[in-house]
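Worksheet for the structure shown next.
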Amino acid sequence: MNLKTIPYREYEKDLPQKGQHILAQYSNDNIIVYQAFNPNIARYAVANQAFGGAHYRFSRMSWIKPNFLWMMYRCGWATKEAQKRVLAIEISKANFESILEEAVFSSYKPTIYQAQENWKRALETSSVRLQWDPDHDPYGAKLDRRGVQLGLRGEILRAFATDWIISIQDITPFVLEQGAKVKAGELNALQVMDEAVYHVKSSKAREMIALSPLE
Numbered sequence: 020m021n022l023k024t025i026p027y028r029e030y031e032k033d034l035p036q037k038g039q040h041i042l043a044q045y046s047n048d049n050i051i052v053y054q055a056f057n058p059n060i061a062r063y064a065v066a067n068q069a070f071g072g073a074h075y076r077f078s079r080m081s082w083i084k085p086n087f088l089w090m091m092y093r094c095g096w097a098t099k100e101a102q103k104r105v106l107a108i109e110i111s112k113a114n115f116e117s118i119l120e121e122a123v124f125s126s127y128k129p130t131i132y133q134a135q136e137n138w139k140r141a142l143e144t145s146s147v148r149l150q151w152d153p154d155h156d157p158y159g160a161k162l163d164r165r166g167v168q169l170g171l172r173g174e175i176l177r178a179f180a181t182d183w184i185i186s187i188q189d190i191t192p193f194v195l196e197q198g199a200k201v202k203a204g205e206l207n208a209l210q211v212m213d214e215a216v217y218h219v220k221s222s223k224a225r226e227m228i229a230l231s232p233l234e
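In my numbering, each residue carries its 1-based index in the sequence shown increased by 19.
Right, here's the structure in full:
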């Protein structure tokens, strides 16, 4: 997928300002998610168009984020230690929704799990954690709108990291260039990824999102 960027001043115009929404760049069939790593992991991933190698750990939980600015908040525009290479990862919508279908919320939701024991049991056995967090502006300030991040482990992580990837692009040069504009206060010149609300198609995944209480 060819990544599309827009001026930041245009970014928020058509986006909801409140509520919980999956914001992403996507095509008819595929969707982009982001991760940030150290150079060794990123170098292997780009070269092999899959994750692995001596420095990648399948035993750890790995978080994916479909929202570009949330990723920028997390990695500090590619300046934080071990997050200095930012990757745009393309997977199919079908596999993205498979991830949503397997998710358990990272915090207890009594309306969904009825009892803490039920939630803890689901959390222990699930390969996916779903977490709603505040979206952020380019400076890292919290917004009223919340975005999603998904933690993967076990079989889901291995499938995502090795079989489901359509393409991996290292967007670090773009991130650093735009981060310098943020640091200089030049928001009028800032470019970000063009994103829209992603509407889930899978009935099971859609039910999961619909049941999610506003945090």
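For glycine and all other residues, C-beta sits at the position ideal for the given N, C-alpha and C.
Of the candidates 38, 215, 95, 21, 95 places its Cα closest to the Cα of residue 194.
Residue 104: not part of any alpha helix (DSSP H); member of the beta strand (DSSP E) spanning 104-111, first to last residue.
Separation of residue 163 and residue 32 (C-alpha to C-alpha, rounded to the nearest whole angstrom) is 15 Å.
DSSP, read as helix, strand or coil, puts residue 186 in strand.
Judged by DSSP in its simplified three-state form, residue 60 adopts helix. For residue 213, same chain residues with a beta-carbon under 7 Å away, outside a window of 5 residues either side, are 23, 24, 25, 44 in chain order. For residue 223, the three-state secondary structure derived from DSSP is helix. Each residue's CA atom was taken as its position, placing residue 209 and residue 182 some 34 Å apart. Each of 85, 97, 92, 90 was checked against the Cα of residue 116, and the nearest Cα belongs to 85. Within the model, the alpha-carbon separation for residue 91 versus residue 103 is close to 11 Å. The segment 117-124 makes no contact with the segment 58-66, as fewer than three CB pairs between them are under 8 Å.
Measuring C-alpha to C-alpha distances from residue 189 to each of 202, 59, 170, 39 identifies 59 as the nearest. When beta bridges are read from the DSSP output, residue 153 appears opposite 165. Three or more Cβ pairs drawn from the segment 67-83 and the segment 161-178 lie within less than 8 Å of each other, which places the two stretches in contact.
Residue burial is scored here from C-beta neighbours: residue 191 has at least 16 other C-beta atoms within 10 angstroms and is therefore classed as buried. Rounded to the nearest angstrom, the gap between the Cα atoms of residue 106 and residue 219 is 23 Å. The straight-line gap separating the alpha-carbon atoms of residue 111 and residue 143 is approximately 27 Å.
When the five nearest sequence neighbours on each side are left out, no beta carbon in the same chain lies closer than 7 Å to the beta carbon of residue 99. When 166, 153, 124, 157 are compared, the shortest CA-CA separation from residue 147 is found for 124.
With a 10 Å radius around the Cβ and a threshold of 16 neighbouring Cβ atoms, residue 159 comes out exposed. As computed with DSSP, residue 135 is found in no beta bridge at all.
The closest CA to that of residue 109, considering only 83, 42, 185, 221, is found on 185. In the assembly as shown, residue 168 is a buried residue. Its beta-carbon has 16 or more other beta-carbons within 10 Å.
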